[in-house]
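> Numbering-wise (the numbering used here), the sequence shown opens with residue 8 and increments by one. The C-beta atom is built at its ideal place from N, Cα and C for all residues, glycine as well. Note that the structure is a prediction, hence the values are computed from the model and not measured. To start, I am sharing the structure in question, which I have written as structure tokens.
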Amino acid sequence: RGFLEGCRGRPVLVVPHPDVDGLASGVLMLRALQSLGARPTALGDPIEVAALKQVFQGVAPGACGLGGVKSNFGHLDAAAGMAGVIKTVLSMEHGQLPPTLNFTAPHPLLELEDSPFQVVSSLRAWEGPRPLRAGVSALGIGGTNAHVVLQEAPRWETEPARREDEVLLVSAKTEAALERMTVALADHLRERAVMGTRPEQFADVAHTLQVGRARFPWRRFVVCGRGEDATALLTGEAPERLRTVFDEGESRGAAFLFPGGGAQRVNMGEAFLREPAFRAAIDTCAEWLRGPLGADLRDVMFAGPERFDAASRELDRPLWSQPALFVCDWALAQLWLSWGVKPEALLGHSLGEYVAACLAGVFTLEEALGLVVARGRLMEAMPAGAMVSVLAPVGQVEALLGTAVSVAAINGPETCVLSGPLPELESVEQALTARGIEHKRVRYARAAHSSMLEPFLEGFAREVGRVKLRAPTLPVVSSLTGRWLQEREATSTDYWVRHLRHTVRFSDALECLLESGDRALLEVGPGTTLTALARQHPARKAQPVLATLPTKGDAPASPLTALGEAWAAGVDVDWERFRGGELRRRVDLPTYSFDRVHYSLDEVPSAKSSPVPLEPAAAVRAVPTGRVRRRGERMPPRDAAERMLVECFQQLFRLEDVGIQDDFFALGGDSLLALRLLAMISERFDKRLPLKEMLTSPTVELLARRLGGKAEARPLPPGVALLQQGTRGPPLFFVHAAGGQSVFYREMAQATDAGRTAYAFESRGLEPDGPLHTSVDEMATAYLEAVRALQPTGPYLLVGASFGGAVVYEMARRLTAEGHAVPVCALLDTPGPGDVAEAQAGGVGFQQETPFTDPEQERRFVRVWEVNMAALRQYPMPRFEGGTLQFFRAGTQLEHMPKHPELEWLDTGAVVRVETVPGNHASMLTGQNAQTLGAKLATLLP
């Protein structure tokens with residue numbers, strides 16, 4: 008609050024105290040305290056107390072407390088003053104006065120009777136008029152003195168939270184730290200009872216996480232509504248609400264994608280009306296449009312149940328749908344801007360380019376609204392027509408079009424939209440059907456971007472000519488040319504006329520945008536059409552693609568979900584602007600949870616001043632593995648078969664100490680070592696065992712019994728191996744990868760749930776003279792027969808790595824169609840049929856590096872691998888409407904593998920949840936990565 012320092016002027020003492028009569032300290036303190044009107048707690052000894060009495064004359068007895076720091080931790084010499092400041096600040100923070108230790112009674116020289124002072128002898132609450140004040144004195148030798156008056160900081164008044172929802176952010180450098188921090192935050196909220204008390208207190212928690220924490224590669228967020236239990240959400244009660252992302256990039260810019268005609272629907276963006284920026288933009292546009300439209304656009308955009316059907320019919324008319332879609336796109340853009348998300352580039356599909364141009368300053372808002380209304384009137388006046396979406400390259404269908412049907416849009420390398428008069432378009436549809444080309448009628452009764460617009464272009468040119476067109480101030484990709492919009496184009500009437508008539512080259516425009524840099528692509532409008540097109544585009548590398556306003560069935564619980572996804576994708580958010588001037592304060596929350604690793608040095612005993620011995624140390628036997636023997640002596644082999652098998656184990660693992668009950672996998676065995684062991688057994692015993700035998704007979708004792716025919720085979724269907732036996736819940740079923748093996752699943756099964764039975768399918772083609780299935784359909788049929796034999800009814804838990812994911816997908820699709828529950832259908836970095844060529848190129852390297860010792864075994868493996876890859880390439884990937892897939896994507900993508908294997912699965916009609924996990928296509932299934940993946944699978948189990 009204030010400070011003064013001074014000096015007596017002449018050293019009259021040899022101890023750090025001035026004399027009483029002419030105390031310079033008293034004068035200075037009097038000036039300081041009287042100017043402040045303060046009555047602080049002072050610290051000092053009898054001389055200082057005498058000086059204080061001169062200052063505090065007339066104050067009520069015992070009104071001021073006295074304390075010090077010497078009795079607590081000794082005299083700190085030059086630092087004593089700072090220690091007093093620290094003590095005083097902490098006392099204010101906690102609202103308590105700490106006692107002076109070992110104090111029993113005041114010294115008579117203090118003469119505290121009837122004085123304003125009393126020594127604080129016990130801990131007590133610091134009560135009194137606010138704000139709290141205290142004085143701290145530091146006195147030096149020879150008269151130097153300094154005095155500080157401290158006053159508690161003003162209480163930060165917060166205001167009621169304006170939002171119903173809050174987004175909680177957690178970030179860490181490692182996944183383990185992220186999990187600990189999530190738990191710590193949940194525990195903190197539970198202990199402090201933040202939820203259910205004051206909404207503004209919870210808003211302060213969210214604000215602190217937003218502005219007071221750095222963003223690291225591991226990111227997690229959850230949107231919590233008012234009245235919801237944030238603790239439960241953080242601990243995974245609703246796993247679909249707790250989003251986790253791994254992204255090594257610190258931050259990236261954003262590009263806005265604006266959808267065009269056909270995306271509109273009644274009540275689009277209704278949940279966003281709670282956001283002031285969105286509502287203000289809607290209101291501004293609707294008020295301006297009252298004149299041109301003769302009605303309130305909001306009555307059509309937002310309708311209750313009683314008016315829903317009527318509003319839907321209105322939105323089918325171009326006069327209403329065009330301005331409604333423009334206004335929704337524009338309002339969502341204003342919302343993102345109000346959150347501090349500024350786009351680096353813009354791209355609009357057809358009508359969406361008007362929003363992009365307006366945001367870039369080519370039109371004013373009023374000019375853009377006028378052109379959109381004119382565009383809508385023009386299309387309303389057109390004769391009836393139709394549009395068809397075709398799943399084929401445009402070059403494959405152009406020969407079927409004739410002169411009346413036009414290519415309205417090229418949305419991707421394998422998809423286009425046709426437009427024209429209904430009779431001619433129906434003829435084209437018949438030709439498409441005859442050629443087996445999939446197509447679907449678009450719900451739009453006009454032939455947009457077709458020759459049917461020709462009679463209306465001159466009138467539209469006049470409308471554009473009335474507008475002053477300006478150069479864009481933000482980069483815009485043209486959906487007419489597929490290139491960056493040039494100033495000469497943006498300011499040309501002819502450009503906007505051609506834009507109305509000619510083909511929308513969205514695929515080229517998207518490629519231009521994707522190749523220009525690593526940006527997050529945000530679809531700023533209703534629906535996910537552009538999101539899906541961007542995710543599936545071959546030019547996409549690792550750019551995140553997000554939807555602001557998904558379709559109703561996929562709509563997030565809160566508008567803030569899109570904001571959380573953008574933050575997790577690396578987009579910078581201005582959280583202060585997000586609050587819109589709302590008064591919030593930072594609060595105490597758990598800090599970063601570091602990965603704690605303990606390192607210790609071995610104690611080396613030595614005698615004082617003794618020489619260091621330099622004699623050679625005794626030879627030490629190195630232990631090549633980290634294995635720790637269980638209690639008890641190892642059990643030695645009892646017959647010739649066990650001795651031969653022990654020798655195989657010793658040779659394979661380079662160990663001397665192997666017992667007949669040592670587990671192959673516990674010693675460090677994997678699928679490749681298992682192949683070597685089986686080759687050694689074949690050579691020495693002249694008997695061939697299938698690879699799956701290592702799962703059921705992993706010890707020397709069990710293998711010897713199996714070779715001797717003493718062990719009865721488990722009653723399992725052909726091609727099925729038992730990974731582990733358990734009693735908890737329905738079993739897990741794992742399907743082999745392209746090579747047909749499944750031994751590698753053992754570690755993951757244990758990490759997922761060691762108490763649950765787990766089975767694995769292996770390709771019968773690996774067995775001598777075994778049958779070889781040549782299609783995904785054949786495998787699904789055979790494997791489902793085995794599944795039903797082992798588990799007649801659901802729920803079914805299915806997991807498939809790489810190629811196995813496609814078989815699992817087909818199995819889950821069929822089970823769901825039969826009415827069974829399939830809560831787990833997990834695809835582990837599974838490429839789609841379109842990625843087979845790239846994946847197959849990578850597989851050749853794996854094939855060549857596989858250390859087979861048995862040529863026949865290698866031949867069977869190569870044959871199985873090639874047949875399975877061909878089966879995946881030919882798999883038609885039927886739709887899975889109503890299904891749910893969990894796709895685990897490898898965090899590190901190998902050069903020879905598809906960069907985004909999840910893309911094809913996103914277009915199956917199923918709900919696909921994609922999560923990135925540590926490791927590459929192979930290493931994600933082994934070691935610590937398998938433990939991490941197993942833990943994630945465990946959260947999906949019923």
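Given a cut-off of 8 Å, decide if residue 427 and residue 5 are closer than it, judged by their beta-carbon atoms.
Nothing about residue 5 can be reported from this structure: the residues present for the chain run from 8 to 949 only.
> In whole angstroms, give me the CA-to-CA distance for residue 68 and residue 130.
Your numbering for residue 68 matches position 61 in the sequence shown. Your numbering for residue 130 matches position 123 in the sequence shown. Distance between the alpha carbons of residue 68 and residue 130: 20 Å.
> Kindly indicate which three-state DSSP category residue 794 falls into: helix, strand or coil?
The count along the sequence shown starts at 1 and reaches residue 794 at position 787. Helix at residue 794.
> Taking one C-beta from the segment 443-451 and one from the segment 473-486 each time, how about it: are there three or more such pairs within less than 8 Å?
With a cut-off of 8 Å, the segment 473-486 and the segment 443-451 do not count as touching, because too few Cβ pairs lie within range.
> Based on the DSSP secondary-structure assignment, which residues constitute the bridge partners of residue 766?
Stepping through the sequence shown from its first residue, residue 766 is reached at position 759. Answer is 729 and 740, bridged to residue 766.
> To the nearest angstrom, how far is the alpha carbon of residue 982 from that of residue 660?
Since the first and last residues shown for the chain are 8 and 949, residue 982 lies out of range.
> May I have the straight-line CA-CA distance separating residue 895 from residue 332, to the nearest angstrom?
Position 888 of the sequence shown, counting from 1, holds the residue named residue 895. Position 325 of the sequence shown, counting from 1, holds the residue named residue 332. If you take the alpha carbons of residue 895 and residue 332, they lie about 35 Å apart.
> Taking the beta carbon of residue 464 as the centre, do at least 16 other beta carbons fall within 10 Å, making it buried, or is it exposed?
For the purposes of this step, residue 464 is taken as residue 457 along the sequence shown, with counting starting at 1. It counts as exposed.
> What does the Cβ neighbour count give for residue 548, buried or exposed, with the cut at 16 atoms within 10 Å?
Counting from 1 along the sequence shown, the entry for residue 548 is found at position 541. Exposed, because fewer than 16 other Cβ atoms sit within 10 Å of the Cβ of residue 548.
> Could you tell me how far apart the beta carbons of residue 754 and residue 707 are, in whole angstroms, since I believe they sit closer than 8 Å?
Taking the first residue of the sequence shown as position 1, residue 754 is located at position 747. Taking the first residue of the sequence shown as position 1, residue 707 is located at position 700. Going by Cβ atoms, the distance from residue 754 to residue 707 rounds to 21 Å, so no, they are not a contact pair.
> Take residue 863 as the anchor and find which of 794, 817 and 685 has the nearest alpha-carbon.
Locating residue 863 in the sequence shown gives position 856, counting from the first residue. Considering only alpha carbons, the answer is 685.
> For residue 114, count neighbouring C-beta atoms within 10 Å of its own C-beta (all shown protein chains included) and say buried if the count is 16 or more, exposed if not.
Translated into the one-based positions of the sequence shown, residue 114 becomes position 107. It counts as exposed.
> Residue 823 to residue 784, Cα distance in whole Å?
Locating residue 823 in the sequence shown gives position 816, where the first residue counts as 1. Locating residue 784 in the sequence shown gives position 777, where the first residue counts as 1. Those two C-alpha atoms are separated by around 16 Å.
> So residue 73 packs on residue 10, CB below 8 Å; how close in whole Å?
Sequence index remark: in the sequence shown, residue 73 carries index 66 (1-based). Sequence index remark: in the sequence shown, residue 10 carries index 3 (1-based). Wrong, their Cβ atoms sit about 20 Å apart, outside the cutoff.
> Which of the three DSSP states, helix, strand or coil, is assigned to residue 574?
Numbered from 1 along the sequence shown, position 567 holds the residue referred to as residue 574. Three-state DSSP puts residue 574 in a helix.
> Whole angstroms is fine: what's the gap from residue 949's alpha carbon to residue 828's?
Within the sequence shown, numbered from 1, the residue matching residue 949 stands at position 942. Within the sequence shown, numbered from 1, the residue matching residue 828 stands at position 821. Those two C-alpha atoms are separated by around 11 Å.
> May I have the straight-line CA-CA distance separating residue 134 from residue 93, to the nearest angstrom?
On the sequence shown, position 127 is the one that residue 134 refers to. On the sequence shown, position 86 is the one that residue 93 refers to. If I take the Cα positions, the gap works out to 19 Å.
> Around the Cβ of residue 643, are there at least 16 other Cβ atoms within 10 angstroms (buried) or fewer (exposed)?
As a working mapping, residue 643 is identified with position 636 in the sequence shown. Per the 10 Å Cβ criterion, exposed.
> Can you find the residues in the same chain that come closer than 6 Å, C-beta to C-beta, to residue 48, ignoring five residues on each side of it along the sequence?
What you label residue 48 is simply residue 41 of the sequence shown in a count that begins at 1. With a pLDDT of 42 at residue 48, under the threshold of 50, the modelled position of this residue cannot be trusted; read the value that follows with caution. Correct list, in chain order: 71, 72 and 141.
> Just to confirm before moving on: does the CB-CB distance between residue 158 and residue 8 stay below 8 Å?
As a working note, residue 158 is residue 151 in the sequence shown. As a working note, residue 8 is residue 1 in the sequence shown. Result yes, Cβ atoms of residue 158 and residue 8 sit closer than 8 Å.
> Straight-line CA distance for residue 212 to residue 593?
Within the sequence shown, the letter at position 205 stands for residue 212. Within the sequence shown, the letter at position 586 stands for residue 593. Near 7 Å, if we compare the C-alpha coordinates of residue 593 and residue 212.
> Less than 8 Å between C-beta atoms, sequence neighbours within five positions excluded: which residues of the same chain meet that for residue 629?
Along the sequence shown, read from residue 1 onward, the residue named residue 629 stands at position 622. With a pLDDT of 45 at residue 629, under the threshold of 50, the modelled position of that residue is not reliable, and the figure given next carries that caveat. There are no such residues.
> Let me know the secondary structure DSSP gives residue 370 once reduced to three states.
Stepping through the sequence shown from its first residue, residue 370 is reached at position 363. Residue 370 falls in the coil class under three-state DSSP.
> Name the DSSP beta bridge partners of residue 112, please?
Looking up residue 112 in the sequence shown gives position 105. The partner list for residue 112 (beta bridge, DSSP) is empty, contrary to what the question assumes.
> When burial is assigned at 16 or more other CB atoms within 10 Å of the CB, is residue 928 buried or exposed?
Reading the sequence shown from its first residue, position 921 is the one you call residue 928. Burial call: buried.
> Which of helix, strand or coil does DSSP assign to residue 209?
Start at 1 with the first residue of the sequence shown, and residue 209 comes out as number 202. Helix at residue 209.
> Quick one: residues in its chain with C-beta nearer than 6 Å to the C-beta of residue 78, no 5 flanking neighbours on either side, listed in chain order?
In the sequence shown, the residue the question calls residue 78 occupies position 71. Correct list, in chain order: 107, 108 and 109.
> With DSSP as the reference, label residue 21 as helix, strand or coil.
For this step, residue 21 is matched to residue 14 along the sequence shown. Low local confidence applies: a pLDDT of 37 at residue 21 is under 50, so the model's placement there is unreliable, and no value is given.
> What are the partner residues of residue 157, as DSSP defines its beta bridges?
Position 150 of the sequence shown holds residue 157. DSSP, once it has assigned bridges, lists 141 as partnering residue 157.
> Quick check: the segment 901-909 against the segment 770-783, are at least 3 beta-carbon pairs closer than 8 Å?
Cβ pair count under 8 Å is below three, so no.
> So the beta strand (DSSP E) residue 225 belongs to, where does it begin and stop?
Here residue 225 refers to the residue found at position 218 when the sequence shown is read from its first residue. Segment 225-232, the beta strand (DSSP E) holding residue 225.
> With DSSP run on the structure shown, which of helix, strand or coil describes residue 301?
Along the sequence shown, read from residue 1 onward, the residue named residue 301 stands at position 294. Looking at residue 301 - three-state DSSP - the assignment turns out to be coil, as it is neither helix nor strand.
> Can you give me the Cβ contacts of residue 527 inside the same chain, cut-off strictly under 6 Å, excluding the 5 residues immediately before and after it?
Translated into the one-based positions of the sequence shown, residue 527 becomes position 520. These residues qualify, in order along the chain: 259, 261, 551, 576 and 578.
> Which same chain residues, not among the five before or five after residue 516, have their C-beta less than 6 Å away from its C-beta?
For the purposes of this step, residue 516 is identified with residue 509 of the sequence shown, where counting begins at 1. 354, 484, 486 and 489.
> Given a threshold of 16 other Cβ atoms within 10 Å of its Cβ, counted over all protein chains shown, does residue 163 qualify as buried or as exposed?
Locating residue 163 in the sequence shown gives position 156, counting from the first residue. By the neighbour-count rule (16 or more Cβ atoms within 10 Å), residue 163 is not buried but exposed.
> Smallest Cα separation from residue 346: which of 220, 749, 692 and 585?
The residue given as residue 346 occupies position 339 in the sequence shown. The shortest Cα separation from residue 346 among 220, 749, 692 and 585 belongs to 585.
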